[in-house]
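Heads up, the sequence shown is in full-length UniProt numbering, so the first residue is 1 and it goes up one at a time. Glycine is no exception: its CB is placed at the ideal position from the N, C-alpha and C atoms.
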Amino acid sequence: MISSSFRFDSHRFQSRMRSAFEPRKPRHRVVRFALGVVGLGLLALLVMFSVALGAAMVVAGLLFKAWRGRGRIGAAQRAGRRVVDAEYRVVGKPVLTR
1 MISSSFRFDS HRFQSRMRSA FEPRKPRHRV VRFALGVVGL GLLALLVMFS VALGAAMVVA
61 GLLFKAWRGR GRIGAAQRAG RRVVDAEYRV VGKPVLTR
């Protein structure tokens with residue numbers, strides 16, 4: 001096998017790699033403007049999709065909470081059954097002597 005087959009320091013390899021991963025802006029003004037508009041449209045589409053998805057998740061959560069809570073006793077009624085009626089007195093703080 002040739003020893004230069006696996007060398008990555010050659011000028012040809014470096015120029016190919018650089019041109020493969022380096023984005024270039026088009027020189028024509030109309031094409032550059034059109035790509036900018038397409039990019040902004042894609043950004044707006046993604047934002048609208050994420051807002052709609054978030055709103056759907058909030059609505060689904062509220063519906064689930066309302067559906068799960070049907071037929072249950074409210075917190076005030078539950079607490080009314082567990083109240084212990086008694087007489088209480090406030091105990092003062094003990095004075096610590098040193």
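Under 7 Å between the Cβ atoms of residue i and residue j?
i: proline 26; j: arginine 32; result: yes
Output the distance between the C-alpha atoms of residue i and residue j, rounded to the nearest integer angstrom.
i: valine 37; j: valine 47; result: 15 Å
i: leucine 53; j: tryptophan 67; result: 21 Å
i: leucine 42; j: arginine 82; result: 58 Å
i: leucine 62; j: arginine 70; result: 13 Å
i: alanine 60; j: serine 50; result: 15 Å
i: valine 58; j: alanine 44; result: 21 Å
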